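These protein sequence lines map, in sequence, to chains R and A.
Mind the numbering: the first sequence is residues 1 to 459 in UniProt numbering, read in order.
Mind the numbering: the second sequence is residues 1 to 314 in UniProt numbering, read in order.
Everything below concerns the one structure shown next.
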Amino acid sequence: MRTTRRTRGRVAVPALLAMSLLAACGSGGDGGSAGSTDAAGGEEASCTNTITKTDAQQVTVWAWYPAFADVVDLFNETHDDVQVCWTNAGQGNDEYTKFSTAIEAGSGAPDVIMLESEVISSFAIRDALVDLSQYGADEVEDDYTAGAWKDVSSGDAVYGIPVDGGPMGMLYRQDIFDQYGVAVPTTWDEFATAAQALKDAGFEGYITDFPTNGRAFNQALFAQAGSAPWTYDNAEPTEVGITANDEGAKKVLEYWDGLIEDGVVGTEDAFTTDYNTHLVDGTYATYLAAAWGPGYLSGLADADSDAVWRAAPLPQWDASSPVQVNWGGSTFAVTSQSEIPEAAATVAKEIFGTEEAWKIGIEKGALFPLWKPILESDYFRDLEYPFFGGQQINKDVFLDAAAGYEGFTFSPFQNYAYDQQTTVLFDMVENGTSAGDALDTLQETLVTYGKEQGFTVSE
Amino acid sequence: MTTTTAAPVRPAPVRATRRRRTEIDSRRQRWGWLFVGPFAIVFATFLIAPLGYAFWMSLRLKTLATGERFVGLENYVKAFSDEIFLRGLLRVAGFAAVMVPVQILVALVAALVLDTLTTRLSKFSRLMIFVPYAVPAVIGALMWGFLYSPRFGPAADLFGLVGLDAPNFLAPGTVFGSLVNIVTWQWAGYYMIVIYAALRSVDPSIYEAARIDGATGRQIALRIKVPMISSSMVMVVVFSLIGTLQFFTEPQVLRSIAQGAIPVDYTPNMYAYSLAFSYSQFNYASTIAFALGVVVFIGSYLFLYLTRKQSGLK
Numbered sequence: 001m002r003t004t005r006r007t008r009g010r011v012a013v014p015a016l017l018a019m020s021l022l023a024a025c026g027s028g029g030d031g032g033s034a035g036s037t038d039a040a041g042g043e044e045a046s047c048t049n050t051i052t053k054t055d056a057q058q059v060t061v062w063a064w065y066p067a068f069a070d071v072v073d074l075f076n077e078t079h080d081d082v083q084v085c086w087t088n089a090g091q092g093n094d095e096y097t098k099f100s101t102a103i104e105a106g107s108g109a110p111d112v113i114m115l116e117s118e119v120i121s122s123f124a125i126r127d128a129l130v131d132l133s134q135y136g137a138d139e140v141e142d143d144y145t146a147g148a149w150k151d152v153s154s155g156d157a158v159y160g161i162p163v164d165g166g167p168m169g170m171l172y173r174q175d176i177f178d179q180y181g182v183a184v185p186t187t188w189d190e191f192a193t194a195a196q197a198l199k200d201a202g203f204e205g206y207i208t209d210f211p212t213n214g215r216a217f218n219q220a221l222f223a224q225a226g227s228a229p230w231t232y233d234n235a236e237p238t239e240v241g242i243t244a245n246d247e248g249a250k251k252v253l254e255y256w257d258g259l260i261e262d263g264v265v266g267t268e269d270a271f272t273t274d275y276n277t278h279l280v281d282g283t284y285a286t287y288l289a290a291a292w293g294p295g296y297l298s299g300l301a302d303a304d305s306d307a308v309w310r311a312a313p314l315p316q317w318d319a320s321s322p323v324q325v326n327w328g329g330s331t332f333a334v335t336s337q338s339e340i341p342e343a344a345a346t347v348a349k350e351i352f353g354t355e356e357a358w359k360i361g362i363e364k365g366a367l368f369p370l371w372k373p374i375l376e377s378d379y380f381r382d383l384e385y386p387f388f389g390g391q392q393i394n395k396d397v398f399l400d401a402a403a404g405y406e407g408f409t410f411s412p413f414q415n416y417a418y419d420q421q422t423t424v425l426f427d428m429v430e431n432g433t434s435a436g437d438a439l440d441t442l443q444e445t446l447v448t449y450g451k452e453q454g455f456t457v458s459e
Numbered sequence: 001m002t003t004t005t006a007a008p009v010r011p012a013p014v015r016a017t018r019r020r021r022t023e024i025d026s027r028r029q030r031w032g033w034l035f036v037g038p039f040a041i042v043f044a045t046f047l048i049a050p051l052g053y054a055f056w057m058s059l060r061l062k063t064l065a066t067g068e069r070f071v072g073l074e075n076y077v078k079a080f081s082d083e084i085f086l087r088g089l090l091r092v093a094g095f096a097a098v099m100v101p102v103q104i105l106v107a108l109v110a111a112l113v114l115d116t117l118t119t120r121l122s123k124f125s126r127l128m129i130f131v132p133y134a135v136p137a138v139i140g141a142l143m144w145g146f147l148y149s150p151r152f153g154p155a156a157d158l159f160g161l162v163g164l165d166a167p168n169f170l171a172p173g174t175v176f177g178s179l180v181n182i183v184t185w186q187w188a189g190y191y192m193i194v195i196y197a198a199l200r201s202v203d204p205s206i207y208e209a210a211r212i213d214g215a216t217g218r219q220i221a222l223r224i225k226v227p228m229i230s231s232s233m234v235m236v237v238v239f240s241l242i243g244t245l246q247f248f249t250e251p252q253v254l255r256s257i258a259q260g261a262i263p264v265d266y267t268p269n270m271y272a273y274s275l276a277f278s279y280s281q282f283n284y285a286s287t288i289a290f291a292l293g294v295v296v297f298i299g300s301y302l303f304l305y306l307t308r309k310q311s312g313l314k
């Protein structure tokens with residue numbers, strides 16, 4: 001008797017569980033049924049785009065490019081053996097958080113993922129990315145500039161295919177400079193003079209903003225004066241060199257600290273609603289920007305209707321030997337969770353590997369291409385931007401900046417480094433810590449952290 | 001879980017009765033299991049299992065440059081000597097010291113006032129005070145972010161009326177108060193409803209008796225009403241205490257507009273979150289989360305122990 005009752009009890013419980021699971025499927029499972037009938041793809045995936053060639057192999061892609069839907073459709077139309085199933089899993093850190101969780105969980109990552117070049121080492125060290133050199137990445141190496149290729153590779157390994165870049169320039173308000181009779185600066189000395197001159201002439205805003213949470217932006221400014229805080233090679237993944245307080249960084253930070261103390265630059269946080277409005281409402285006379293900046297600016301609300309925007313090269317420390325730097329830009333990497341790395345590598349290499357795709361990316365997404373055939377085309381060089389009154393900003397500014405960029409080595413714990421950088425910069429602005437001390441603190445924190453994480457740290 | 005269904009078996013003089021009893025008992029047991037089942041499954045799958053897994057993770061260590069290994073309680077030793085974690089704990093303790101009394105006081109006063117009023121206005125006020133709780137926490141924090149914004153917020157205009165400059169609500173010195181304000185706005189209404197419900201269940205004839213004895217309105221409120229609902233008050237304080245120690249949503253949302261004033265490790269929960277999802281230290285993040293759990297447990301246990309008289313637990 002006893003056993004029978006027990007058994008019945010046990011049966012009842014799984015039955016209930018099954019029922020509730022069925023209920024859950026019924027409510028949420030409708031979305032995925034459209035594209036999941038194929039046998040080739042194997043797993044169920046819900047794509048943002050509609051896949052018509054259901055027999056082909058499906059490669060899942062996470063990306064947040066603007067106007068990417070058109071690029072995906074173009075790829076799928078022109079390929080019969082492989083189809084892209086695209087999802088926007090969030091922008092920047094939002095996507096990285098999901099990816100990071102998927103790595104830890106051991107499943108859930110897509111085949112191909114959009115990553116900014118600065119986080120590649122952070123994911124490579126967790127064995128989350130496939131070395132693409134075994135899937136023919138070398139064949140496309142010549143399609144990219146040396147600087148762009150250095151950002152995605154480490155030693156012989158290649159962890160991503162470059163897509164768009166962020167060579168830096170200075171976007172400025174011609175009308176403001178004209179109104180107060182100040183010349184547009186070309187060097188940092190002139191920039192400081194202009195900042196003061198604007199203020200003296202009665203300009204109520206600032207020449208620009210130096211955000212303490214600028215992260216990659218601050219680091220790019222440091223790099224322009226020769227700061228190279230990281231030495232790292234994925235071939236020796238447990239060794240890292242840290243010099244966050246090198247001469248270049250100190251020189252640049254002291255410069256900005258001076259401008260802040262003189263009250264001629266703003267210090268508000270970047271990427272907030274207030275900041276976005278200030279960028280376009282005449283609070284700032286210049287916007288030190290990457291090549292994707294114009295697209296960002298033209299999408300902002302509350303802009304001055306009579307603003308006259310122009311682009312100029314980033315001010316230089318030494319006008320006779322200009323140094324070009326990069327801020328942002330992204331790549332396509334193949335994840336090690338992918339069961340079809342070869343097809344995934346094909347997608348990574350080819351999705352932004354045509355002129356048609358790039359015309360969508362440039363005209364609808366305001367991206368700056370790293371793919372040479374379009375980068376070096378007359379079309380791109382001569383492109384006129386209505387936002388800049390028809391100025392050919394690529395020819396005038398960004399092509400030179402991209403060509404001169406020599407690459408940068410990022411940290412295997414870049415996110416931590418950025419957060420700490422924000423902390424020390426805020427301390428400098430808010431509590432008056434000197435620039436040198438702020439960077440020394442940063443260095444100390446990073447070295448401690450590196451050792452804690454088991455790295456052999458050299459300073 | 002099953003204690004409620006298991007009736008104590010009393011010794012019966014006759015054998016037959018006992019057998020019938022046990023049969024009824026086990027039939028009840030079976031139904032009991034069936035009723036408890038759905039909850040038990042969900043409870044085990046979504047709470048017990050993840051907790052167990054997190055605890056197991058917290059006993060291991062994996063850093064970026066080394067493999068995963070078992071370290072026992074080493075992580076906990078590190079956590080309780082980790083300056084960042086301790087600073088976070090101190091900060092939420094500060095929040096608890098300010099935020100809990102403020103919330104409870106606002107809620108109590110509102111409930112007492114509403115309890116004495118019987119006009120239509122009181123029903124309306126009750127609803128309005130409760131409304132902020134119906135706003136999702138993230139939305140509420142985002143909204144306050146806009147209100148605090150120097151450009152979009154009303155502060156500049158309001159202070160401008162009297163010829164003053166508006167303070168920056170998101171500076172390191174003021175962000176504490178700004179956060180207290182958001183949480184109080186959000187939760188005071190909820191606590192008010194709990195307290196109000198408790199007040200409604202008090203027999204009104206007691207008030208009448210007090211009034212005949214010459215008690216004033218204030219005396220009735222403080223000497224009769226508050227003591228009579230003390231068990232509800234204790235519960236509300238425990239809710240608020242636990243919520244404050246686990247402070248996360250509001251600072252995390254406000255951080256997007258004040259990254260300098262609210263660092264990633266502002267509260268222990270934020271620290272655990274960034275360790276896990278920004279710095280991929282899942283093991284140490286589990287340790288921090290568990291260590292915080294221990295502190296919350298001790299804190300609320302201590303509070304319940306100290307108030308055992310008021311709450312009726314004794």
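Glycine residues also receive a C-beta, built at the ideal position from the N, C-alpha and C atoms.
These numbers were taken from a predicted model, which means no experiment stands behind them.
Item: Taking 8 angstroms as the threshold (C-beta atoms), are ASN88 (chain R) and THR48 (chain R) in contact?; Value: yes
Item: Do we get a CB-CB distance below 8 angstroms when we pair ALA342 (chain R) with the residues of chain A?; Value: With the sequence shown as reference, residue 342 (chain R) is identified as Glu, and Ala is not the correct amino acid for it. False, the Cβ-Cβ gap to chain A never drops below 8 angstroms.
Item: Can you list the residues of chain A that PRO237 (chain R) reaches, using a CB-CB cut of under 9 angstroms?; Value: LEU64 and ALA65
Item: Taking DSSP's pairing of strands, which residues face GLU452 (chain R) in a bridge?; Value: Partner(s): none; GLU452 (chain R) has no beta bridge.
Item: Quick check on DSSP: helix, strand or coil for SER240 (chain A)?; Value: helix
Item: Mind listing the chain R neighbours of residue 335 (chain A)? Cutoff is C-beta to C-beta under 7 angstroms, in chain order.; Value: In the structure displayed, chain A extends from 1 to 314; residue 335 (chain A) sits before or after that span and is not available.
Item: Return the residues of the region 259-291 of chain A that lie within a Cβ-Cβ distance of less than 7 angstroms from chain R, sorted by chain order.; Value: GLN259, GLY260, PRO263, VAL264, PHE277, SER278, TYR279, SER280 and PHE282
Item: Is TYR191 (chain A) closer than 8 angstroms to VAL236 (chain A) when the C-beta atoms are compared?; Value: yes
Item: Compare the C-alpha of GLY202 (chain R) against each of R:ALA102, R:PHE177 and R:ALA109 and name the closest.; Value: R:PHE177
Item: Report yes if the CB atom of CYS85 (chain R) is closer than 8 angstroms to the CB atom of GLN58 (chain R), and no otherwise.; Value: yes
Item: Which same chain residues, not among the five before or five after GLY454 (chain R), have their C-beta less than 7 angstroms away from its C-beta?; Value: THR238
Item: Is DSSP giving ALA311 (chain R) helix, strand or coil here?; Value: strand
Item: Rounded to the nearest angstrom, how far is the Cβ of LYS364 (chain R) from that of PRO162 (chain R), given a contact under 8 angstroms?; Value: Their Cβ separation, rounded to whole angstroms, is 20 angstroms, which puts LYS364 (chain R) and PRO162 (chain R) out of contact at 8 angstroms.
Item: Note down the Cα distance separating VAL240 (chain R) from TYR449 (chain R), rounded to an integer number of angstroms.; Value: 11 angstroms
Item: Between VAL265 (chain R) and PHE210 (chain R), how many whole angstroms is the CB-CB distance? I'm expecting something under 8 angstroms.; Value: 5 angstroms
Item: Tell me whether ARG60 (chain A) sits in a helix, a strand or coil according to DSSP, three-state version.; Value: strand
Item: Taking residue 460 (chain R) and TYR296 (chain R) to be in contact with their CB atoms under 8 angstroms, please state how far apart those CB atoms are, rounded to whole angstroms.; Value: No statement about residue 460 (chain R) is possible, as the shown extent of chain R runs from 1 to 459 and does not include it.
Item: Report yes if the C-beta distance between THR351 (chain R) and VAL82 (chain R) is below 8 angstroms; otherwise report no.; Value: It is Ile, not Thr, that sits at residue 351 (chain R) in the sequence shown. No, Cβ-Cβ distance for ILE351 (chain R) and VAL82 (chain R) is not below 8 angstroms.
Item: Measuring straight from C-alpha to C-alpha, what distance separates ALA137 (chain A) and ILE41 (chain A)?; Value: 28 angstroms
Item: From PRO268 (chain A) to LEU89 (chain A), what does the alpha carbon distance come to, in whole angstroms?; Value: 6 angstroms
Item: Of the residues R:ASP440, R:GLN420, R:PHE387 and R:GLY432, which one's Cα is nearest the Cα of ARG215 (chain R)?; Value: R:GLN420
Item: What did DSSP end up calling VAL61 (chain R) once you bin it into helix, strand or coil?; Value: strand
Item: Using a beta-carbon distance cut-off of less than 9 angstroms, what residues from the region 78-106 of chain A approach chain R?; Value: none
Item: Going by the CB atoms, is the gap between ILE288 (chain A) and LEU275 (chain A) shorter than 8 angstroms?; Value: yes
Item: Would ILE260 (chain R) and VAL457 (chain R) qualify as a contact pair, given that the criterion is a beta-carbon distance under 8 angstroms?; Value: no
Item: Please classify ARG69 (chain A) as buried or exposed, where buried requires at least 16 other C-beta atoms within 10 Å of its C-beta.; Value: exposed
Item: Can you grab the Cα-Cα spacing for the pair TRP56 (chain A) / ALA290 (chain R), in whole Å?; Value: 45 angstroms
Item: Starting from TRP327 (chain R), trace the alpha helix (DSSP H) both ways and give me its first and last residue.; Value: Careful: TRP327 (chain R) lies outside any alpha helix (DSSP H), inside the beta strand (DSSP E) at 326-334.
Item: Starting from PRO209 (chain R), follow its DSSP beta bridges and name the residues at the other end.; Value: First, the amino acid is wrong: residue 209 (chain R) is Asp here, not Pro. According to DSSP, ASP209 (chain R) bridges with R:GLY266.
Item: Please decide whether GLY454 (chain R) counts as near chain A, where near means a Cβ-Cβ distance under 8 angstroms.; Value: yes
Item: What residues from the region 145-172 of chain A come within 9 angstroms of chain R, judged by C-beta to C-beta, listed N to C?; Value: GLY145, PHE146, SER149, PRO150, ARG151, PHE152, LEU170, ALA171 and PRO172
Item: Quick one: which chain A residues come within Cβ less than 8 angstroms of TYR416 (chain R)?; Value: SER278 and TYR279
Item: VAL61 (chain R) and VAL334 (chain R) look like a contact to me (Cβ under 8 angstroms); what is the Cβ gap, rounded to whole Å?; Value: Their Cβ separation, rounded to whole angstroms, is 10 angstroms, which puts VAL61 (chain R) and VAL334 (chain R) out of contact at 8 angstroms.
Item: If you measure from the beta carbon of ILE257 (chain A) to each beta carbon in chain R, is any gap under 8 angstroms?; Value: yes
Item: Three Cβ pairs or more, each shorter than 8 angstroms: is that satisfied between the region 303-310 of chain R and the region 269-276 of chain R?; Value: no
Item: Where does SER154 (chain R) sit, in a helix, a strand or coil, going by DSSP?; Value: strand
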